[in-house]
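With the first letter of the sequence shown counted as 1, position 229 gets the number 297 in the working numbering; the numbers rise by one all the way through.
All C-beta atoms, glycine included, are put in the ideal place defined by N, C-alpha and C.
One structure below.
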Amino acid sequence: MAFALLAPVAEGQTRSESERRRIEAVTAPTTGFTAAEAFEQLPGGAATVSGDLGREAFSRPSANMSFERELDFHLGQALFDKLWVASPASTKASDGLGPLYNARSCQACHIRDGRGLPTGGPGLVLRVGRVRDDGVLPYPLFGLQIQDSAVPRLRPEASVRMTYTETEVALNGGEVAVLHRPDYRLDAMQGALHPDSALSARLAPQMIGLGLLEAIPEAEILAYADPDDRDGDGISGRPNRVVDLETGQEALGRFGWKAGAATVLDQSAAAFASDIGISSPLLPAPWGDCTALQVECRNAPHGNGDLRGTEIDGPALGLTAFYSRNLAVPARRDVDDPEVLRGKRVFYSIGCPACHVPKHVTARLTDQPEQSFQLIWPYTDLLLHDMGDGLADGLPHGVATGREWRTAPLWGIGLTEQVSGEARFLHDGRARTLLEAVLWHGGEAAAQRDRVIDLTPEDRTALIRFLESL
Ligand code: HEC
Ligand code: HEC
């Protein structure tokens with residue numbers, strides 16, 4: 069992590085300084101907030117939504133969106149919620165599902181636009197690949213991921229069974245935390261898994277603030293990278309490099325647990341293809357993730373070739389991405405609570421911001437007014453970090469190794485249970501509490517994790533209270 073290398077965001081600084089003063093003038097006398105806290109209360113800048121939104125807290129459009137654009141948001145929402153059906157079907161606009169798939173709609177995994185759950189639904193996906201010295205190849209039989217559902221007459225690739233082993237971590241003050249490590253077994257497999265293959269379990273992440281993350285200038289993200297750890301703080305941070313499906317050019321990876329997708333549009337097209345089996349202009353194969361060896365699947369009826377062209381056409385894919393880009397970040401709660409403020413000091417003093425970089429300023433974007441030029445608080449550097457053996461999956465993705473993960477954004481994380489019905493954290497949903505999520509940190513974050521173990525119980529509780537307020 070190299071703060072000294074951070075390029076000045078000249079425009080952003082001017083705005084944030086003047087606005088800081090303005091907010092200080094407005095809020096300080098009545099609320100007792102400092103200017104910074106007033107800012108932090110609105111993590112998504114002017115796009116932040118406020119009020120008690122209950123279970124729908126992640127489902128609101130950017131607060132600064134115009135009425136006309138909100139109509140597009142709702143069209144996108146309908147596509148995100150839509151249940152696709154198998155071909156051939158009388159409902160022409162909704163067919164093309166699979167033939168192999170994981171879920172019939174986006175919403176089925178991203179529960180109420182929040183994260184998925186590792187059991188009881190399709191929200192956990194197993195990626196698969198063959199690992200070589202020089203990288204990773206799609207699995208010749210299974211493709212990029214295991215599809216555990218299929219249209220009638222075809223068989224799913226496998227069914228996934230999960231088991232847990234427990235380990236205990238003794239914390240300063242006498243408390244003992246129990247960590248669950250998941251193991252996956254594939255039953256009823258339509259073929260064998262080669263010994264040089266690796267599986268990577270991925271939970272559907274929360275969908276808020278994605279357009280804002282996309283709008284962080286690349287130069288700012290790269291300024292935090294320190295691949296050779298020149299400043300010697302034990303934390304490196306590498307950008308992922310992936311192919312942008314739209315341009316065909318190499319680009320910075322930002323989305324997914326390993327930053328394996330360059331844009332929200334790319335990730336949406338990839339989801340349609342691999343998760344639902346729906347073709348789009350970016351990934352036009354009508355058979356989704358079926359490989360050349362899966363002949364029955366490749367020959368099954370599909371929905372390409374009618375008026376839509378591909379099973380979802382370009383405009384509809386665009387609307388789905390527009391929706392995904394504009395799911396608003398909710399305002400923070402309890403920002404001025406003394407325990408939250410204490411937890412915030414702990415968060416900073418033990419070094420969490422080295423990866424969970426609190427704030428960024430987005431670029432000026434004429435075609436995306438909602439995301440343009442906002443001071444945002446996502447708590448991520450969008451870079452890859454070696455998180456140690458405990459979290460390693462052994463499956464590279466882009467330039468990300470089998471030990472590296474993208475720093476997860478922390479905004480909205482305190483609302484997880486309220487939205488998804490259960491709290492599950494980390495890339496595979498193994499952590500049932502925020503504390504467990506932190507205790508799984510290793511590798512580059514081992515020092516910060518150890519500091520959490522050594523905290524007094526009061527400081528540790530305050531740290532969690534701070535995370536819950538995000
Ligand atoms: C079967 C479950 C499943 C379905 C269905 C699904 N997703 Fe996802 N989604 C995931 C998983 C798992 C990830 C993380 C992928 C990774 O780590 O590479 C993800 C990631 C994303 C991301 C990136 C979020 C981030 O924080 O980086 C976006 C955007 C997204 N999905 C959009 C969609 C859209 C749009 C649809 C419908 C077309 C959809 N998803 C359908 C499971 C699903
Ligand atoms: C070296 C970089 C690094 C440091 C330092 C770090 N984190 Fe993380 N954090 C990550 C990465 C990477 C992930 C995602 C790991 C995964 O899913 O396997 C993550 C995930 C999390 C999550 C779960 C997010 C989610 O969406 O499920 C929480 C909570 C969290 N970190 C809190 C903290 C706290 C608190 C600290 C300080 C004690 C801290 N982190 C220090 C890199 C870091």
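query: For residue 417, count the other beta carbons within 10 Å of its own beta carbon; 16 or more makes it buried, fewer makes it exposed. Which is it?; result: exposed
query: May I ask you to check if the CB of residue 132 is nearer than 8 angstroms to at least one heavy atom of ligand 1?; result: no
query: For a test of your reading of the model: does the CB of residue 275 fall under 8 angstroms from any non-hydrogen atom of ligand 1? Yes or no.; result: yes
query: Is residue 178 near ligand 1, in the sense that its beta carbon is under 8 angstroms from a heavy atom of that ligand?; result: yes
query: Near residue 433, which residues of its chain fall below 7 angstroms by C-beta distance, leaving aside the five closest residues on each side in sequence?; result: 283, 439, 440
query: May I have a chain-ordered list of the beta strand (DSSP E) segments no shorter than 3 residues that lie completely inside the region 415-469?; result: 452-454
query: How about residue 495 and residue 271: do their beta carbons lie closer than 9 angstroms?; result: yes
query: Using only the heavy atoms of ligand 2, determine whether one of them is closer than 8 angstroms to the beta carbon of residue 220.; result: no
query: Classify residue 218: buried if its beta carbon has 16 or more other beta carbons within 10 angstroms, exposed otherwise.; result: buried
query: Got a sec? Which residues, its chain only, sit under 6 angstroms from residue 251 by beta carbon, not counting five neighbours each side?; result: 231
query: Between residue 310 and residue 327, what straight-line distance do the alpha-carbon atoms span, to the nearest angstrom?; result: 9 angstroms
query: Any idea what DSSP makes of residue 197, helix, strand or coil?; result: strand
query: Should residue 495 be counted as a contact of ligand 1 given a C-beta to heavy atom distance under 8 angstroms?; result: yes
query: Are the region 363-381 and the region 390-402 in contact at 8 angstroms, needing three or more beta carbon pairs?; result: no
query: Extract the residue ranges of the beta strand (DSSP E) inside the region 249-292, only unbroken runs of 3 or more that lie entirely within it.; result: 265-271
query: State the CB to CB distance for the pair residue 449 and residue 292, rounded to an integer number of angstroms; the pair is presumed to be in contact (CB under 8 angstroms).; result: 5 angstroms
query: So, with DSSP's three-state summary, where would you put residue 124?; result: helix
query: Does the beta carbon of residue 284 fall short of 8 angstroms from some heavy atom of ligand 2?; result: no
query: Closest Cβ-Cβ distance between residue 316 and chain D: below 9 angstroms?; result: Protein chain content of the structure displayed is limited to a single chain, and chain D is not contained in it.
query: Can you tell me the Cα-Cα spacing of residue 473 and residue 158, whole angstroms?; result: 43 angstroms
query: At which residues does the alpha helix (DSSP H) containing residue 529 begin and terminate?; result: 525-536
query: By the three-class DSSP mapping on this structure, what secondary structure does residue 321 have?; result: strand
query: In three-state DSSP terms, what is residue 233?; result: strand
query: Please classify residue 200 as buried or exposed, where buried requires at least 16 other C-beta atoms within 10 Å of its C-beta.; result: exposed
query: Indicate whether the contact test is met: 3 or more Cβ pairs, each with one atom in the region 132-148 and one in the region 348-362, closer than 8 angstroms.; result: no
query: Mind checking whether the beta-carbon of residue 380 lies closer than 8 angstroms to any heavy atom of ligand 2?; result: no
query: I'd like the list of long-range same chain contacts for residue 317, defined as Cβ closer than 8 angstroms, with 5 residues on each side in sequence excluded.; result: 311
query: For residue 98, which residues of its own chain have a beta-carbon under 7 angstroms away from its beta-carbon, when the five flanking residues on both sides are left out?; result: With a pLDDT of only 43 at residue 98, under the threshold of 50, the placement of this residue in the model should not be trusted; the figure read from the coordinates follows. Here the set comprises nothing.
query: Got a sec, what are the start and stop residues for the alpha helix (DSSP H) residue 364 sits in?; result: 363-367
query: So if DSSP puts residue 309 in a beta bridge, which residue, or which two residues, is it bridged to?; result: 320
query: Hey, out of 116, 146, 512, whose CA is closest to residue 540's CA?; result: With the chain covering 69 to 538 only, the question about residue 540 has no answer from this structure.
query: Classify residue 256 as buried or exposed, calling it buried when 16 or more other Cβ atoms lie within 10 Å of its own Cβ.; result: exposed
query: Straight-line CA distance for residue 504 to residue 367?; result: 46 angstroms
query: If you drop the 5 nearest sequence neighbours on each side, which residues of the same chain put their C-beta closer than 7 angstroms to that of residue 120?; result: none
query: Using 8 angstroms for Cβ pairs, my map puts residue 213 next to residue 229. What's the rounded Cβ distance?; result: Their Cβ separation, rounded to whole angstroms, is 16 angstroms, which puts residue 213 and residue 229 out of contact at 8 angstroms.
query: State the CB to CB distance for the pair residue 106 and residue 131, rounded to an integer number of angstroms; the pair is presumed to be in contact (CB under 8 angstroms).; result: Not a contact, Cβ separation roughly 16 angstroms.
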